[in-house]
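Beneath this line is the structure, given in structure tokens, with notes to follow.
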Amino acid sequence: MDNKQFKKRIIILGSIFLLLICIYLFSSGLRTTISRYIKREQDEIKAYYTSLYFASDGEGKSLAVESNIGYVEFNLMNYIGEDVTQRDIEYKIVKPSTFYDINGNAIAEQDLAAAEKLYVLDVWGKPKEVAKSTYLYTVEVVNNTGESAGSGNYKFTYEKLGTSAVGKTHHVNLKLTRSGGEIANEEDVSIVVQLEKPYKEVFIINMKASSRIITFSNSTTNKLDVPFEEVFIQSADLYAYFKNGTQRTSVEHDPFTSKAVKLTLTWSGFILDETELETLHNGTLNNPDDKDTGSKINEDTYYLDITKPTIASIKATKTSGQLVIFVPQSSDFSLYFLRDPNHSGSSYVKVKIEIYIKDASDSNNEKYAIYDEKYYGFTLDSDKLYTVLN
Amino acid sequence: MKKRFIFFAAYIIFAFFAFLTAVTLAKYVYTGNTEVGFQVGSTLFFDYQRHELYRNDQLIVGVETEYVEDGQTYQRIETMNVVPGDSLVYHFYVSNFDSTTGEVNVVDGLFYPNANTKLSLPMKGKIYEVDCTIQYRQVPYGDDDTTTPKDDVWKNLVVGGYIDLPPVATKKVKYEFKISVLIDDQVEDTTSDDYFDAVLTIKLFINAASDN
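One line per chain: the protein sequences are A and B, in this order. Counting in the working numbering, the first sequence runs from 33 upward without gaps. Counting in the working numbering, the second sequence runs from 970 upward without gaps.
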């Protein structure tokens, strides 16, 4: 091998050696390939959501509106069945300040009347429908047996009880004042309960407002896990006069009297819960015109001085029957019907509504008259009956 | 001669790479251990300490329990009574020594806490990946640490941002971390009914590695 060739090979070997050194040094700088020790710790936090149980028995109630003012009573509860909310619940009941359309866009006040439907938003910004007339009513809490939390808010304070909590009920009395003119017989209205705690939520109670002297509405309610149809009946504070002192009359100017309204309810395909009747009227039925106490009330007589609904008679088979009841002013009560699933034919609860009026042409002539449109009452069927439930 | 030269050069290259491989593998072999397998982290150490759990800025007490995953038993903190809209903040500490057991870190290292949060809504049949933020600050490691501020500003822990874990001989350190979870717009398509039996789970991993 000559000198030149030898030098060439030395250079090549030297270059290879240098290259390998560089590779080694470069790989030394790569942290991920030279980490030798590793250690890991792991932990977990699990947070269980508590459920919000908030209920009302006001759904489907009716309120009699006179001179644009109506009152309604209902209960709010922090429990549903056996389940109780295990946090404080704070709420207020006011007319919503803003109404929205179905897309969650706010509706200007001047456009509310023309809006097809109205909504309020829940905490997630989801629209929840309210009755169209809700925007016309301002709401004032007349009385609430619940704990006041200040600033118009009320509170269910959480009280631990074993593994659960104490179930509480607030009895609420609201005054609703309507703006925008007189109510035309009947309309739907929603009471919006705005929850502030445990989180912002809206709870909507749908009711029926009516200018008639007696109103009917219904909803399904559970009693011991059995669904009953609850019929709400509410009567005006004054039958004979409006709150502004004007005499209430018929279209033909027959003046109304203060005497009890007579209701004759007939039903088919339902079973009336007669045990609940005892909460209405329990005891001896006295007919002041009849010296023989304990006898049945004469259905053709009337009562001025009854202060609570008074049952005149009741005839019931298993799934049909008839109940005659006299309803004085300022009444607010419920009847419960259990639907018969095996009933063939149509199921219904209808009522014949009679008010006691004086004849406009002869003030000594007083009588019961069917409460139809002639008396600004109900639109009735061909049998002069109003269908309460079907 | 030429052939010999080529073979010699090839031998040098091969020997070098064999050497490099051996050196790399040797880093993961604890020659002093006669057991099957090998130990890791025996000189890399950090101490994880649980601290406080807050719901809506209010201190709450969680229940310490355990759970088993892939045959391993892990610790857990459980709390009830969370409702939609609640914020949860969990504080914990990481230091390079344990004053109770006397264990200390002896190698240069780095560590990185990582958390993932899931919201399970069985009524809706969905599990949401929920965002959470991790912030940290250095805090005094003891009463005799007069140089580290007690109330330093919080720093955001960025993804991939490791935190120094020095050997105790160099420096004693203690860090406070807080994981914040606020579920808000992330679950826009839910309603209050979806939250029956809902569970929010925060899984925390602290990974540490030595520098060399």
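Even glycine gets a Cβ: it sits at the ideal position worked out from N, Cα and C.
Query                                                                                                                                                                                  : Result
Within 8 Å (strictly less), CB to CB, does A/L230 reach chain B?                                                                                                                       : It is Pro, not Leu, that sits at residue 230 of chain A in the sequence shown. With 8 Å as the cut-off, A/P230 counts as an interface residue toward chain B.
Report the residues of the region 109-121 of chain A with a CB closer than 9 Å to any CB of chain B, ordered along the chain.                                                          : Q118 and R119
Ordered along the chain, which non-local residues of its own chain (more than five positions away) have a Cβ less than 7 Å from that of A/D154?                                        : K160, E233 and V234
Between B/T1048 and B/L1151, what straight-line distance do the alpha-carbon atoms span, to the nearest angstrom?                                                                      : 16 Å
According to the Cβ coordinates, are A/K229 and A/S99 closer than 8 Å?                                                                                                                 : no
Using a Cβ-Cβ cut-off of less than 7 Å, give me the residues of the region 977-997 of chain B that come near chain A, in sequence order.                                               : A978, I981, I982, F985, L989, T993, K996 and Y997
According to DSSP, is B/E1145 part of a helix, a strand, or is it coil?                                                                                                                : strand
Quick test of the definition: if touching needs 3 or more C-beta pairs under 8 Å, does the region 80-90 of chain A touch the region 111-121 of chain A?                                : yes
Is it the case that the Cβ atoms of B/R1106 and B/E1072 are separated by a distance below 8 Å?                                                                                         : no
Just to make sure I have the definition right: I need the residues of chain A whose C-beta is within less than 8 Å of the C-beta of B/V1168. Which are they?                           : K78, A79, Y80 and Y81
Output needed in chain order: residues of the region 1115-1144 of chain B with a Cβ under 9 Å from some Cβ in chain A.                                                                 : none
Bridge partners of A/E398, per DSSP?                                                                                                                                                   : A/K390
Going by DSSP, name the residue or residues bridged to A/I303.                                                                                                                         : A/L370
Quick one: is B/S1161 near chain A, going by C-beta distance under 8 Å?                                                                                                                : yes
Leaving out five residues before and five after A/F188 in sequence, what residues of the same chain have Cβ atoms less than 6 Å from its Cβ?                                           : N110, I121 and K200
Output yes if chain B places a C-beta closer than 8 Å to the C-beta of A/L15; else output no.                                                                                          : Outside the displayed span of chain A (33 to 422) sits residue 15 of chain A, for which this structure offers no information.
Can you check whether the CB of A/G301 is closer than 8 Å to the CB of A/Y231?                                                                                                         : no
Would you mind stating whether B/N1083 and B/N1176 have Cβ atoms separated by less than 8 Å?                                                                                           : yes
Spell out a yes or no on whether the region 1162-1169 of chain B and the region 1127-1145 of chain B are touching, meaning 3 or more CB-CB pairs, one atom from each, closer than 8 Å. : no
Can you tell me where the alpha helix (DSSP H) holding A/E310 begins and where it ends?                                                                                                : L309 to L312
For B/M1049, return the contacting residues in chain A, with the cut-off set at a CB-CB distance below 7 Å.                                                                            : Y80 and T82
Quick one: is A/T6 buried, meaning 16 or more other Cβ sit within 10 Å of its Cβ, or exposed?                                                                                          : With chain A covering 33 to 422 only, the question about residue 6 of chain A has no answer from this structure.
Assign A/A96 to buried or exposed, taking buried as 16 or more other Cβ atoms, counted over all protein chains shown, within 10 Å of its Cβ.                                           : buried
Is any beta-carbon of chain A found at less than 8 Å from that of B/Q1027?                                                                                                             : no
Could you tell me the boundaries of the beta strand (DSSP E) in which A/H285 lies?                                                                                                     : No beta strand (DSSP E) contains A/H285, which DSSP labels as neither H nor E.
Which of the residues in the region 1034-1064 of chain B, read from start to end, lie with their CB under 8 Å from any CB of chain A?                                                  : Y1036, Y1043, Q1044, R1045, I1046, E1047, T1048, M1049, N1050, V1051, V1052, P1053, G1054, D1055, L1057, Y1059 and F1061
When the Cα of B/D1133 is compared with those of B/T1042, B/T1070, B/I975 and B/F1015, which residue comes out closest?                                                                : B/F1015
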